[in-house]
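*Asks:* Got a structure for you, written out below as structure tokens; questions coming shortly.
Residue numbers (the UniProt record's numbering): 1 to 328.
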């Protein structure tokens with residue numbers, strides 16, 4: 001129900017209804033606050049509730065935890081997914097009974113999150129929630145006739161990044177990276193730009209995966225599930241030759257340690273809006289600029305869908321114009 005309280009010279013209105021987060025808003029006039037309370041309550045209560053004889057007291061939080069414990073461990077990137085699921089479970093929507101969930105609940109969640117994070121993040125969160133509900137309906141038989149998230153508009157997909165290394169950014173990165181206490185940071189940056197490997201692939205690589213005769217690196221259990229063999233450039237192979245074989249891993253460093261070091265390097269090099277994954281964009285774009293064909297680049301990058309490969313490709317016009325000399 002709604003209530004209105006005076007706060008200094010203004011009026012604070014609050015609406016609290018079971019199964020929803022609380023709604024608050026400040027007004028100059030008490031009459032406006034009361035009107036807002038009535039309109040908000042009417043809008044919330046007008047959302048039809050599902051009726052379910054199966055697990056009527058099961059909360060969305062309970063369903064999330066079942067999915068987290070049974071399904072998530074089988075996924076790649078399960079740690080990130082577990083973090084997201086725990087946040088869902090501890091939010092207001094986690095306290096709603098599954099039998100009462102409606103599209104309105106997810107519309108409200110979507111609108112709240114869009115004020116905090118980007119559209120692609122919210123879309124990813126709702127997509128994960130949809131999988132949780134599908135699991136509950138198909139596998140656990142929670143009693144919903146349909147998935148309520150199917151009926152809401154998801155935020156639009158993000159615009160592919162076009163960020164590439166500019167001017168002397170690569171040199172500045174390496175200069176600062178070489179000053180880091182951890183001597184692996186600079187070699188990792190060079191290796192990423194030379195090979196187009198993902199951060200996870202670089203950190204999982206073992207010395208037993210390196211064929212020094214063929215100058216290749218074998219990557220197993222990659223993001224798309226397939227193994228692939230990546231040919232190493234001269235610079236990439238030089239990086240490996242200069243490393244000490246202290247452990248079974250080529251780059252014995254944790255993902256968190258690398259992430260923290262990457263942030264320090266960027267800050268000290270005064271480089272803005274550059275992600276480590278952008279080094280993969282840079283590498284793939286350079287492969288095309290050097291004249292490699294689409295199948296050759298796909299072999300290196302591991303892309304199965306050519307359309308996805310092109311999303312990672314951002315050629316520099318001046319590099320293309322240099323090739324026009326053959327027509328003159």
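Using N, Cα and C, we set each Cβ at its ideal position, and we do this for glycine too.
1. With 16 as the cutoff for other CB atoms within 10 Å, does residue 147 come out buried or exposed?
2. Which residue's Cα is closest to the Cα of residue 128: 231, 100, 63 and 164?
3. Residue 124 lies in the alpha helix (DSSP H); which residues open and close that run?
4. For residue 2, name the three-state secondary structure that DSSP assigns.
5. Evaluate residue 3 with the Cβ neighbour count: other Cβ atoms within 10 Å of its Cβ, from every protein chain shown; 16 or more gives buried, anything less gives exposed.
6. Near residue 226, what residues of its chain come up, given a Cβ to Cβ distance below 6 angstroms and the 5 sequence neighbours on each side ignored?
7. Applying the criterion that 16 or more other CB atoms from any shown protein chain within 10 Å of the CB defines a buried residue, is residue 281 buried or exposed?
8. Give me the Cβ distance between residue 192 and residue 202, rounded to the nearest whole Å; I'm assuming they're in contact under 8 angstroms.
9. Inspect the beta-carbon positions of residue 261 and residue 167 and report whether they are closer than 8 angstroms.
10. If we call anything under 8 angstroms between Cβ atoms a contact, is residue 180 one with residue 265?
11. Can you tell which of 66, 40, 74 and 102 has its C-alpha closest to the C-alpha of residue 86?
12. Flag this pair as yes or no: are the beta carbons of residue 125 and residue 68 separated by less than 8 angstroms?
13. Relative to the ligand GTP, is the shortest distance from any of its heavy atoms to the C-beta of residue 181 smaller than 7 angstroms?
14. Which one or two residues does DSSP pair with residue 13 in a beta bridge?
15. Taking all protein chains shown into account, decide if residue 287 is buried (16 or more other Cβ within 10 angstroms of its Cβ) or exposed.
16. Compute the Euclidean distance between the alpha carbons of residue 156 and residue 8, then round it to the nearest angstrom.
17. Decide if residue 187 is buried, meaning its Cβ has at least 16 other Cβ atoms within 10 Å, or exposed.
18. Taking buried to mean at least 16 other C-beta atoms within 10 Å of its own C-beta, is residue 212 buried or exposed?
19. Let me know the secondary structure DSSP gives residue 283 once reduced to three states.
20. To the nearest angstrom, how far is it from the Cα of residue 110 to the Cα of residue 93?
21. Grouping DSSP H, G and I as helix and E and B as strand, with all else coil, what is residue 342?
22. Distance check for residue 44 and residue 137, CA to CA, integer angstroms please.
23. Taking DSSP as the reference, what is the three-state secondary structure of residue 334?
24. If you scan the segment 190 to 229 from start to end, which runs of the beta strand (DSSP E) of 3 or more residues do you find wholly inside it?
25. If I measure Cβ to Cβ from residue 75 and keep anything under 8 angstroms in the same chain, skipping five residues before and after, which residues do I get?
26. CA-CA distance, residue 243 and residue 236?
27. State the beta-bridge partners of residue 310 as determined by DSSP.
28. Count the other C-beta atoms from every protein chain shown that fall within 10 angstroms of the C-beta of residue 20, then say buried if there are 16 or more, exposed otherwise.
29. For residue 270, count neighbouring Cβ atoms within 10 angstroms of its own Cβ and tell me buried if that reaches 16, exposed if not.
30. Between the alpha carbons of residue 336 and residue 222, how many angstroms are there, rounded?
*Replies:* This is what the structure gives:
1. buried
2. 63
3. 119 to 135
4. strand
5. exposed
6. none
7. buried
8. 6 angstroms
9. no
10. yes
11. 66
12. no
13. This structure lacks the ligand GTP, and indeed carries no ligand of any kind.
14. 4 and 25
15. buried
16. 41 angstroms
17. buried
18. exposed
19. helix
20. 11 angstroms
21. With the chain running from 1 to 328 in the structure shown, residue 342 is simply not present.
22. 25 angstroms
23. Not covered by the structure: residue 334. The range shown for the chain is 1 to 328.
24. 216 to 219
25. 81
26. 11 angstroms
27. Partner(s): none; residue 310 has no beta bridge.
28. buried
29. exposed
30. Not covered by the structure: residue 336. The range shown for the chain is 1 to 328.
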